[in-house]
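These notes are about the structure you will find just below.
There are 2 protein chains.
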Amino acid sequence: MPRVVIVGGGFAGLNLAKGLGNVADLDVTLLDRTNHHLFQPLLYQVAMAGLSPAEIAAPIRSVLSRYRNVRVLQGEVQSVDVQRQCVCADFGEVGYDYLVLACGSRHSYFGHDEWEENAPGLKTLEQATEIRRRVLSAYEEAECSTSPEARKRLLTFVVVGGGPTGVELAGAIGEMSRFTLARDFRNIDAASARVVLLEAGPRILNMFSEKSSSRAARDLEQLGVQIWTGSAVTKIDEDGVEIGNERISSATVLWAAGVKASSLGQAAGFEVDRQGRVVVEPDLSVKGHPRVFIAGDQANFTHQTGRPLPGTAPVAMQQGRYLAQLIRDDLAGRTRKPFQFVDKGQMATIGRSRAVVEGGGYKLAGFFAWVIWLVVHIYYLTGFQNRFLVVSKWAWSYLSFRRGARLIVTKEWRFNAPRERPAVPETTTRS
Amino acid sequence: MPRVVIVGGGFAGLNLAKGLGNVADLDVTLLDRTNHHLFQPLLYQVAMAGLSPAEIAAPIRSVLSRYRNVRVLQGEVQSVDVQRQCVCADFGEVGYDYLVLACGSRHSYFGHDEWEENAPGLKTLEQATEIRRRVLSAYEEAECSTSPEARKRLLTFVVVGGGPTGVELAGAIGEMSRFTLARDFRNIDAASARVVLLEAGPRILNMFSEKSSSRAARDLEQLGVQIWTGSAVTKIDEDGVEIGNERISSATVLWAAGVKASSLGQAAGFEVDRQGRVVVEPDLSVKGHPRVFIAGDQANFTHQTGRPLPGTAPVAMQQGRYLAQLIRDDLAGRTRKPFQFVDKGQMATIGRSRAVVEGGGYKLAGFFAWVIWLVVHIYYLTGFQNRFLVVSKWAWSYLSFRRGARLIVTKEWRFNAPRERPAVPETTTRS
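Chains as they are written, first to last, in numbering that gives the first Met the number 0: chain A, 0 to 430; chain B, 0 to 430.
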């Protein structure tokens with residue numbers, strides 16, 4: 000029985016596994032280092048306390064449990080041996096006849112990995128919870144502080160990177176300060192928080208048209224976000240960021256700039272581009288390995304437009320479904336057709352009730368674009384329960400201006416462990 | 000303007016702050032080391048993946064934001080200075096005219112603090128998430144393992160302590176294995192998981208009648224839980240537990256045995272009992288300090304029954320409300336009345352749809368008791384949103400046998416950090 004091994008339970012891997020579910024005489028194994036599929040387009044909502052982790056994540060094994068020929072194993076794949084046709088995971092080896100790597104991407108700090116400590120990125124639930132902790136703790140510490148400089152630093156938030164994630168994060172912080180938190184503090188004015196969005200290029204959302212990009216910039220500025228374009232970060236430390244000679248003093252810096260692909264492709268000896276993505280053939284296979292495929296963020300597919308396809312959910316989903324069909328065709332002795340991406344457009348949201356949407360010749364902005372954004376995202380959320388709960392929660396947040404998940408959860412679960420709390424420099428006295 | 004300082008935002012502190020909200024000419028400060036009030040009676044549901052943290056926790060400052068005279072500060076109180084009338088927190092000092100300590104309790108390992116690493120207790124959201132991670136990870140590792148001994152160890156769960164929390168945890172693990180997870184695994188039979196509940200005394204739920212206690216034991220056994228009474232733990236390590244000469248090999252041990260009060264009362268020089276609870280006067284004040292009060296789990300109040308009141312939510316809520324009235328009486332020049340606890344009964348739940356309820360001469364068990372348990376708990380959940388979402392989620396879980404929050408979230412948010420995964424001893428090979 001042919002064995003298909005899929006590494007990664009993201010949009011590509013999950014759609015592939017579903018497409019191969021209950022195919023007779025096929026043994027499918029999906030490996031992932033976490034136990035959950037993550038709906039990444041809404042991850043910023045977890046970071047911004049609008050949603051709980053469980054609302055945008057579903058256990059992979061539960062999503063796939065109805066397919067009796069699919070096995071899910073939680074483990075980290077450490078290497079691929081194309082000669083022996085097996086992958087080596089932390090618990091042991093798994094042999095394959097067909098292998099699909101769909102391991103996604105992670106943040107790239109452009110050679111400055113030491114920045115991660117002070118500027119977390121947003122790719123996993125753990126990172127989202129950490130960002131939430133930092134943002135909410137900054138307000139809490141500002142409330143306890145009496146030094147104007149410390150307060151200013153604590154209430155300054157810097158987001159690095161003007162792509163969709165950066166725009167969504169900056170918009171959400173701006174909105175949270177102005178609406179959600181405004182009434183809750185006594186010593187500070189939460190609405191006076193400063194949010195700076197740094198973009199190295201000439202404009203934010205550069206994959207959109209200039210018109211949509213400037214509309215998004217205007218919407219962000221209405222939420223109090225300052226946009227600095229042409230501002231490449233040169234240093235990040237615990238006190239803030241530097242852009243050449245300028246310095247912004249900030250306790251909370253978030254990273255939404257570059258990404259690089261999983262290193263597994265390069266380690267296997269495949270041809271990769273500068274971002275670590277594996278260069279693939281028109282059928283997503285690796286040159287010289289017709290039964291090894293790459294999908295999603297990890298693939299560099301240039302055969303359609305001459306440029307690599309972007310690392311987005313629609314690309315990954317279509318590639319996953321395409322590979323399921325390809326493997327079924329292979330087994331049935333049919334010839335392979337090349338992958339063809341159907342571009343349905345792109346979208347980004349700015350706070351509640353504003354978005355920009357583009358595709359197929361149309362451009363939309365404002366409330367109606369946001370409704371489209373909302374419908375599309377809810378439609379694609381995996382599993383009815385999540386969809387229903389997310390809709391309830393959003394309806395509630397929208398009507399009440401509250402955020403339901405404003406929890407600061409630390410990393411430490413033991414009582415006697417040292418508590419992590421960045422020291423507030425001065426001692427304050429109240430009487 | 001008199002200053003009231005409340006330490007702790009649990010049931011006692013929150014009810015007290017609400018009772019003093021918008022009282023003219025009163026300045027109220029509530030200090031807590033977390034930013035959220037936690038509905039502890041449902042914490043085991045978070046540990047058992049039935050609920051998300053945000054559904055049983057609400058930001059204290061959001062709950063109290065409507066009271067303009069109440070200020071909430073997140074900080075850890077390190078000491079109390081009754082001479083200078085101030086508390087010393089990590090961010091500075093806060094002076095008081097009235098002080099109420101309601102800092103709750105934590106787990107006690109009876110002098111074996113080293114057990115905590117291998118047997119986490121359940122008092123905070125962080126601990127609940129950690130327990131969830133351990134329990135779910137045990138199944139995941141068992142699925143990847145091929146050694147029968149390793150699998151057996153991984154699928155054996157030990158709960159230490161036969162009080163309500165231990166009973167709820169053991170019941171929920173038994174139920175999760177038999178119903179929720181049964182279909183999701185391919186290599187292991189999740190339903191064969193072994194759950195052992197250890198109780199040092201002669202019976203579980205010893206605060207209930209013998210009849211209710213034995214009914215609960217029968218219900219637990221139907222869920223596959225083995226109950227070992229008269230079994231005091233003598234050792235816990237990473238491979239399991241020892242009870243005298245006997246040894247249970249288990250990868251997941253949970254602690255629900257003893258508690259001890261916050262050490263703040265003892266450190267302040269107040270008279271405490273063996274569990275660290277401060278012995279209080281009939282008006283909950285500390286002897287010799289008529290304006291310093293203790294409430295909730297931290298208080299040892301014996302004036303009503305001759306024995307200390309139990310550390311439960313109803314006691315804490317009533318004490319909080321009582322102290323609000325007492326302080327208002329004080330300010331108005333009225334004499335203080337002693338605290339009087341109104342006992343409305345007690346309850347414990349065993350899996351879905353079974354519970355035991357006792358009080359005021361009535362004893363109930365089974366489905367109807369569970370409905371009462373459900374209604375009471377939903378009624379007391381703070382905030383409409385949570386209540387509504389929890390009801391939706393429960394209705395869904397009940398009808399579908401699914402658990403919505405089955406996420407394994409690790410403590411590490413950085414990509415390059417070493418990944419925590421207990422090594423599975425043997426290397427397995429699949430082909």
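Backbone N, C-alpha and C fix where the C-beta goes; we use that ideal spot for every residue, glycine too.
Given the structure is predicted, the values throughout are model-derived calculations rather than measurements.
- Restricted to the stretch 41-122 of chain A, the beta strand (DSSP E) segments that are unbroken, complete and at least 3 residues in length are 56-58, 69-73, 76-80, 85-88, 91-94, 97-100, 104-107, listed in chain order.
- One thing to note: valine 45/A has its Cβ no nearer than 7 Å to the Cβ of isoleucine 59/A.
- Rounded to the nearest whole angstrom, the C-alpha separation of cysteine 143/B and glycine 20/A is 21 Å.
- Between the stretch 246-262 of chain A and the stretch 119-133 of chain A there are three or more C-beta pairs closer than 8 Å, enough to call the two in contact.
- For methionine 346/B, the beta-bridge partners assigned by DSSP are Val356/B.
- The alpha-carbon of methionine 175/B is positioned some 17 Å away from that of glutamate 129/B.
- Looking only at Ala88/B, Arg320/B, Thr145/B, Leu204/B, the smallest Cα-Cα distance to glutamate 140/A is reached by Ala88/B.
- In the three-state reduction of the DSSP assignment, isoleucine 247/A falls in the strand class.
- DSSP, reduced to helix, strand and coil, places glutamine 339/A outside both helices and strands of the structure shown, so it counts as coil.
- Contact of alanine 53/B with chain A is assigned, a C-beta pair being separated by under 7 Å.
- Isoleucine 203/A: not part of any beta strand (DSSP E); DSSP gives it neither H nor E.
- Residue pairing for arginine 2/B: DSSP places it in a beta bridge opposite Asp26/B.
- Shown here for arginine 405/A: same chain residues with a beta carbon closer than 7 Å to its own, the five before and five after excluded, namely Ala48, Leu135 in chain order.
- With the rule of 3 Cβ pairs closer than 8 Å, the stretch 267-285 of chain A does not count as touching the stretch 177-184 of chain A.
- Here arginine 351/B is buried, its C-beta having at least 16 other C-beta atoms within 10 Å.
- Against chain B, the beta carbon of phenylalanine 109/A has no neighbour under 8 Å; the closest one sits roughly 15 Å away.
- Pairing valine 93/A with glycine 365/A, the inter-Cα distance amounts to about 50 Å.
- With 16 or more neighbouring CB atoms inside 10 Å of its own CB, asparagine 68/B falls in the buried class.
- Here DSSP, grouped into helix, strand and coil, assigns arginine 290/B to strand.
- 7 Å or more divides the Cβ of phenylalanine 340/B from the Cβ of glutamine 297/B.
- For glutamine 126/A, the enclosing alpha helix (DSSP H) starts and ends at 124-143.
- The three-state secondary structure of glutamine 225/B, taken from DSSP, is strand.
- For the pair proline 163/A and glutamine 345/A, the Cα-to-Cα distance works out to about 10 Å.
- For threonine 155/B, the enclosing beta strand (DSSP E) covers residues 155-159.
- Annotation: the continuous alpha helix (DSSP H) that includes arginine 320/A extends over 312-331.
- Under the three-state reduction of DSSP, asparagine 34/A is assigned to coil, being neither helix nor strand.
- Taking a contact as a CB-CB distance under 8 Å, the pair serine 51/A and alanine 53/B counts as one, their CB atoms being some 5 Å apart.
- Taking a C-beta distance under 7 Å as the contact criterion, valine 285/B and phenylalanine 300/B do not qualify as a contact pair.
- Just so you know, the alpha carbons of asparagine 34/B and arginine 133/A end up roughly 12 Å apart.
- In the same chain as alanine 267/A, and ignoring 5 residues on each side of it, the C-beta atoms closer than 6 Å to its own belong to Val79, in chain order.
- For the stretch 61-75 of chain B, the beta-carbon criterion of a distance under 9 Å to any beta-carbon of chain A is satisfied by Ser61, Leu63, Ser64, Arg65, Arg67, Val69, Arg70, Val71, Leu72, Gln73, Gly74, Glu75.
- For arginine 217/B, the closest of Gly103/B, Leu42/B, Ile349/B by C-alpha to C-alpha distance is Ile349/B.
- Of the candidates Ala215/A, Pro1/A, Gly229/A, Asp329/A, the residue whose Cα lies closest to the Cα of proline 201/A is Gly229/A.
- Among the CB atoms of chain B, one or more fall inside 7 Å of the CB of valine 408/A.
- Annotation for valine 240/A: the continuous beta strand (DSSP E) segment containing it runs 239-242.
- In terms of beta-carbon proximity, asparagine 21/B stays away from the interface with chain A, with every pair separated by 7 Å or more.
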